[in-house]
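Residue 272 in our numbering sits at position 267 of the sequence shown, and the numbers go up by one each step.
Idealized CB from N, CA, C, for every residue including glycine.
In this text, all values refer to a predicted model and were calculated from it rather than measured experimentally.
The structure under discussion appears below in the form of structure tokens.
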Amino acid sequence: MIATQIDTNMLQKGGAAEEGGHLMTLPEIVPIDQIAPPVLAEPPPPLSLAEGMITLAELYEADIPEPESLVGSWWLEENIGFLYGERGRGKSWMGLNLACCLAEGRDCGPWRISKPRRVLYVDGEMNVSAIRKRIRAMGQSPDAPLHLLSRKYRVGRRRIASLDLTDPSVQKELLELCWKHKIEVLILDNHSCLFFGIRENDADDWGQVLNFLQEMQALGVSPCIVHHAGRAGGHMRGTSRREDGADWMMQVAATDDNEPPEAGYKTKFVSEFTKSRTGIGEDAGPWEWTYETPAEGEATTIRWSLLSRLKVFVKHIEEGLEQCSEIAEAMGVRNDIVSKLAKKAAEQNLIKIEGSGNRKRYLLR
6 MIATQIDTNM LQKGGAAEEG GHLMTLPEIV PIDQIAPPVL AEPPPPLSLA EGMITLAELY
66 EADIPEPESL VGSWWLEENI GFLYGERGRG KSWMGLNLAC CLAEGRDCGP WRISKPRRVL
126 YVDGEMNVSA IRKRIRAMGQ SPDAPLHLLS RKYRVGRRRI ASLDLTDPSV QKELLELCWK
186 HKIEVLILDN HSCLFFGIRE NDADDWGQVL NFLQEMQALG VSPCIVHHAG RAGGHMRGTS
246 RREDGADWMM QVAATDDNEP PEAGYKTKFV SEFTKSRTGI GEDAGPWEWT YETPAEGEAT
306 TIRWSLLSRL KVFVKHIEEG LEQCSEIAEA MGVRNDIVSK LAKKAAEQNL IKIEGSGNRK
366 RYLLR
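Structure follows, in structure tokens:
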């Protein structure tokens, strides 16, 4: 494991300005029609099939820009991504951290972010006051282009009528909103609270959501959906068809030590990729994260460190995985890499290997 690093930028921005002072000014949550000045009225209509068909010669001559990086080497422009994990494991902390860093154009932990992006964070579950506390504690600049849309936000006694993103009229309104305000990154937290008009296990139901996400892509928006893991913990809950249209999938899972401190609030988790269409190298981690807020009103300290593959391998065995192929899938690596890790773990008396061939099993000692 490499030396732990700390996001000092957050500490500086989240700390008190002077003795007895308050944390930095909180970004104001305003009515949705006021989050940015109007730019363009409506998104362009889609191409017909005839307009979209081109010859090979036209393809070679077409001006097709290479997508820029949004975060590190794993999140590119117009990608569709998923951030998932078990309940209470830090999904929303990671989602908000990514949103804040993208809006300010500052690195998110070990991942490089080259410039600010216009971000819309749509939340369907948390209280607005809780979101506000987390943003304040993470030291977000009020001038950054981060916008919030919460199902629980009210103006007097008025609130948003619906944030069911399986409703075509709501999809249309959100598409127009992103186009009008030039949104580049859309984070939807979370699947269960924002797509409650579909059956999670029904592959056909997911088709209407995928079409909506692809429409966002066409407008230059990169959507990320926060979702729950299934009961086994290793995969997202619901139909596996959801994974087919994803460019990347990041899982957050419990660490060996997931107990809160005696005072204050702390959450620890490990992030690792279960899918990525790009070669991400060391960006893949797995990374161990700690988000710690000593007391309400104080700055959140964010630490991250790189976990060794051997430790991750043994952790999967502790969680009940026994076969090479299933561990390789969970780690996102080839079978031969898992075999080498198993040999090394056995030499260190961490595991024992039983059977051979397809019946080989890895068990804790």
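In the three-state DSSP reduction, Arg-246 falls in the helix class (H, G or I). With contact defined as three or more Cβ pairs closer than 8 Å, the segment 94 to 107 and the segment 54 to 70 are not in contact.
At a cut-off of 3 residues, the continuous stretches assigned as beta strand (DSSP E) that sit fully inside the segment 43 to 111 are 74 to 76 and 86 to 90. Taking the Cα of Leu-154 as reference, the smallest distance to any Cα among Asp-148, Leu-179 and Gly-144 is reached at Leu-179. Check the Cα spacing between Asn-354 and each of Arg-370, Gln-219 and Ile-69: the tightest is with Arg-370. Rounded to whole angstroms, Arg-141 and Met-131 show a C-alpha spacing of 15 Å.
Scanning Glu-220, Trp-294, Lys-320 and Ile-230 for the CA closest to the CA of Ala-335 turns up Lys-320. In this structure, the straight-line span from the alpha carbon of Cys-229 to that of Asp-341 is close to 32 Å. Lys-348 carries a helical assignment under DSSP once its states are collapsed to helix, strand and coil.
In this structure, DSSP gives Met-143 a state outside helix and strand, which the three-state scheme calls coil.
Apart from sequence neighbours up to five positions away, the residues of its chain that approach Pro-291 with a beta-carbon distance below 7 Å are Val-275, Ser-276, Glu-277, Leu-312 and Val-317, ordered along the chain. For Glu-130, the secondary structure class from DSSP, reduced to helix, strand or coil, is coil.
If you draw a straight line from the Cα of Ala-289 to the Cα of Trp-79, it is about 8 Å long. Judged by DSSP secondary structure, Ile-192 falls within the beta strand (DSSP E) whose first and last residues are 190 to 194.
Taking one beta carbon from each stretch, the segment 245 to 253 and the segment 277 to 287 have 3 or more pairs nearer than 8 Å; the two touch.
Secondary structure note for Cys-183: its alpha helix (DSSP H) is the uninterrupted segment 173 to 185. Runs of the beta strand (DSSP E) lying entirely within the segment 316 to 362, each at least 3 residues long, are 356 to 359 in chain order.
Ranked by how close their Cα comes to the Cα of Leu-75, the residues Glu-47, Ser-119, Gly-93 and Pro-115 have Ser-119 in first place. Two segments are said to touch when three or more pairs of C-beta atoms, one from each, lie closer than 8 Å; by this definition the segment 217 to 228 touches the segment 177 to 193. If you draw a straight line from the Cα of Met-255 to the Cα of Gly-110, it is about 21 Å long. Pairing Leu-168 with Gly-129 gives a Cβ-Cβ distance under 8 Å. Rounded to whole angstroms, the gap between the alpha carbons of Thr-298 and Arg-137 is 14 Å. Here the alpha carbon of Glu-189 sits roughly 21 Å from the alpha carbon of Thr-171.
Listed as beta-bridge partners of Glu-277 by DSSP are Gln-256.
The C-beta distance from Leu-88 to Gly-77 rounds to 14 Å, too long to fall under 8 Å, and the pair is not in contact. Arg-164 has Arg-159 as its beta-bridge partners, per DSSP. In this structure, the alpha-carbon of Glu-352 lies about 32 Å from that of Arg-308. Around the C-beta of Pro-173, fewer than 16 other C-beta atoms lie within 10 Å, and the residue is accordingly described as exposed.
For Pro-72, same chain residues with a beta-carbon under 8 Å away, outside a window of 5 residues either side, are Leu-81, Glu-82, Glu-83 and Asn-84 in chain order. Secondary structure of Ile-203 (DSSP, three-state): coil.
Residues of the same chain with a CB within less than 7 Å of the CB of Cys-183, apart from the 5 flanking positions on each side, are Leu-125, Leu-191, Met-221, Leu-224 and Val-226 in chain order. DSSP places Lys-120 in the coil class of the three-state scheme, outside both helix and strand.
For Val-214, the uninterrupted alpha helix (DSSP H) run begins and ends at 208 to 223, by DSSP. The shortest CA-to-CA distance from Trp-294 to any of Trp-116, Lys-365 and Leu-199 is the one to Trp-116. Listed in chain order, the non-local C-beta contacts of Arg-92 below 8 Å within the same chain comprise His-233, local neighbours out to five positions each way being set aside.
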